[in-house]
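According to the numbering used here, the sequence shown is numbered sequentially starting from 13. Glycine residues also receive a C-beta, built at the ideal position from the N, C-alpha and C atoms. Keep in mind it's a predicted model, so treat the numbers as computed, not measured. Reviewing the structure listed below.
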Amino acid sequence: MKNLKDHIYYSELYDRFTIEECQELEKSDGLTSLDHKDKAVAKIKKDFFDKCVAPVAIYFMKGERYCDKEKTIQGWLEKDLALDEKLENAIEPEGVRCIKCSSSKMKCISRDLMNYSKDKDEIVFMFQCEKCSKRRAYWENGKEWEAKPILCPKCSAHLQSEHQRKGNFIETIYTCLDCDYSEAESMDLTRKEEEDMVDVNFEANRKKYCLSSEDGVRYSAEVGHMKAIKDLTDDAKERKSNTKLYDEISKIKKLTIVELQSLLNPALEKADFTSLEFEKPEIQKDVILSFSLQDNKIGREKLVSIQDFQMLVKKTLSYTNWRLMSEGATYKLGFLSGRLRGVEGEEDLKRLAKGNLKNKKIKRRGKVDN
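Right, dumping it as C-alpha cells:
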C-alpha cells in the first residue's frame with residue numbers, strides 16, 4: 013500500500029491539526045477588537061480574552077474535535093485505500109518503446125497519481141529502458157506525459173531554465189530568449205530535514221489540547237445534556253406561543269386499526285354503507301390501509317355515493333390520526349374502494365391540527381358571510 017497508513021499515523025495527524033487550531037485560538041496579539049486608546053482598558057480587554065474567551069473557545073474546540081475525530085480518520089482511511097486500489101488496478105499502457113534507442117524493453121518503474129486536468133487526478137506510469145536507462149512517462153489512457161512549459165510573463169515565450177546546486181540549496185534561473193525577462197528561484201533542501209525532525213513538544217501539547225477517551229466521553233455527555241435542556245426549553249417556548257395549535261393536537265385521537273374500524277362501522281352503516289373490510293396494511297413512514305365496502309342504498313348514483321362516502325369519512329375521522337388519501341374513493345357496481353393513511357409522529361399530527369384549524373376558520377367565515 014502506497015497511500016494507506018496505519019491508524020496511529022492518522023490519529024497523530026488529526027491531533028496535530030487540533031493542536032494548531034487550539035493554539036491559534038489562544039493568540040490575542042494582533043486582534044484589532046482588543047485595541048483601545050486607553051492602555052488600561054486595552055489591558056482589561058486582553059485579560060478578559062485570555063482568561064475567559066479563549067479558554068471557553070478552546071474547551072469547545074477540543075470537545076468538538078474529539079467528537080469528529082474517528083469519523084474524519086475513517087474518511088481519510090477510505091480515501092487513501094481507494095487511491096491505492098486505483099493504483100493497483102490500473103492497466104499499464106502497452107507498446108512503449110525507448111525514444112533514444114527504440115528498444116521495446118521498457119520496464120515500468122513507478123505509477124503515481126498526478127493532476128491530468130482541472131479537478132481530475134489520473135495515474136501516470138514511468139517507464140525506463142533496460143538498455144540505455146532513458147525514461148518515458150505515460151498516462152493510463154495511453155497519452156504520453158508532457159511537461160507543461162513555463163511561459164514568460166512579459167511576452168508569453170517559453171522560458172529556458174538552468175539549475176545550480178550549492179550545498180542544500182538548488183537555484184533555478186529562468187531566462188527568456190525573446191525579451192530581457194529573467195527570474196531566479198531557490199529550493200531549500202534543509203526544510204525537508206526540519207519537517208522530519210521530531211516535535212519534542214508534541215506529546216505535551218497533545219495532552220493539553222486533545223481530549224482523552226474518558227474526557228471525550230464526558231464532554232459528549234455534557235453536550236448531549238445541554239442539547240436536551242435546550243430542546244426542552246425551545247419546545248416549551250414553542251408550545252407557549254402556539255397554544256391553539258397544541259390544544260387542537262390534544263383533541264386528536266391516535267387510533268389503532270381495530271379502533272378505526274370500530275369508529276367507522278356505525279357511522280357508515282347509518283348511511284347505508286356496509287361490509288367494510290381492510291387489506292394487509294403497508295408499513296412505511298406512515299401506515300397505508302386499503303379498504304373496500306358496499307353501498308346498500310338502492311338507487312344512489314355513482315357520483316352521489318362517492319361524495320356521500322367521502323364527506324362522511326372526512327367528518328368521522330377529522331379528530332383522529334387517519335385520513336382518506338388524496339385520490340379519494342373509486343366506485344364500481346355498488347362497491348367502493350380506496351386507501352386510508354394513518355400517522356403518529358408529532359410533525360404529522362401538527363399538520364392535521366393545522367388543517368382542522370383552517371377548516372374551522374373557513375366555517376366561521378362562511379357563517380359571517382351568510
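Using the rule of at least 16 other Cβ atoms within 10 Å of the residue's Cβ for burial, across every protein chain shown, is residue i buried or exposed?
i, result
"Phe303", "buried"
"Leu301", "buried"
"Glu71", "For clarity, residue 71 is Tyr in the given sequence; the question names Glu instead. Burial call: exposed."
"Met386", "Any answer about residue 386 is impossible in this case: the structure gives the chain only from 13 up to 382."
"Thr30", "buried"
"Val270", "exposed"
"Phe137", "buried"
"Lys372", "exposed"
"Gly8", "Limits of the chain in this structure are 13 at one end and 382 at the other, which puts residue 8 out of reach."
"Ser27", "The residue asked about is misnamed: residue 27 is Asp in this sequence, not Ser. The residue in question, Asp27, is buried, as its Cβ has 16 or more Cβ neighbours within 10 Å."
"Val325", "buried"
"Ser317", "buried"
"Asp259", "exposed"
"Cys141", "buried"
"Ala341", "buried"
Over the uninterrupted alpha helix (DSSP H) stretch that includes residue i, give me the two end residues.
i, result
"Ile162", "Unbroken run through Ile162: none, as it is neither H nor E."
"Leu25", "19 to 38"
"Thr328", "314 to 328"
Assuming residue i and residue j make a contact with CB atoms under 8 Å, what is their CB distance in whole Å?
i, j, result
"Arg148", "Val210", "Not a contact, Cβ separation roughly 40 Å."
"Leu322", "Leu336", "Here the sequence assigns Gln to residue 322, which means Leu is not the residue at that position. Contact holds; Cβ gap of about 6 Å."
"Ser287", "Leu275", "Contact doesn't hold; Cβ gap of about 16 Å is too wide."
"Ile261", "Leu361", "5 Å"
"Ala66", "Glu38", "5 Å"
"Arg12", "Ile135", "With the chain covering 13 to 382 only, the question about residue 12 has no answer from this structure."
"Ile264", "Leu364", "6 Å"
"Leu223", "Tyr78", "4 Å"
Can you tell me where the beta strand (DSSP E) holding residue i begins and where it ends?
i, result
"His175", "171 to 178"
"Cys188", "181 to 188"
"Asp200", "194 to 200"
"Leu345", "It is not in any beta strand (DSSP E) - Leu345 carries neither H nor E in the DSSP assignment."
"Leu16", "Here Leu16 belongs to no beta strand (DSSP E), and DSSP marks it neither H nor E."
Name the DSSP beta bridge partners of residue i, please?
i, result
"Thr245", "None, per the DSSP bridge assignment."
"Phe137", "Arg123, Tyr150"
"Arg353", "Ile300, Arg335"
"Glu156", "Tyr150"
Flag residue i as yes if its beta-carbon sits less than 8 Å from any beta-carbon of chain C, otherwise no.
i, result
"Leu16", "The structure shown contains no chain C; it is built from a single protein chain."
**OP:** Could I get the ranges of all uninterrupted beta strand (DSSP E) runs contained in the region 264 to 309, with 3 residues as the minimum, in chain order?
**Re:** 285 to 290, 299 to 307
**OP:** Mind listing, in chain order, the continuous beta strand (DSSP E) runs of no fewer than 3 residues lying wholly within the region 52 to 135?
**Re:** 118 to 129
Original post:
Could you give the uninterrupted runs of the alpha helix (DSSP H) lying entirely in the region 215 to 261, keeping only those of 4 residues or more?
Top reply: 225 to 253
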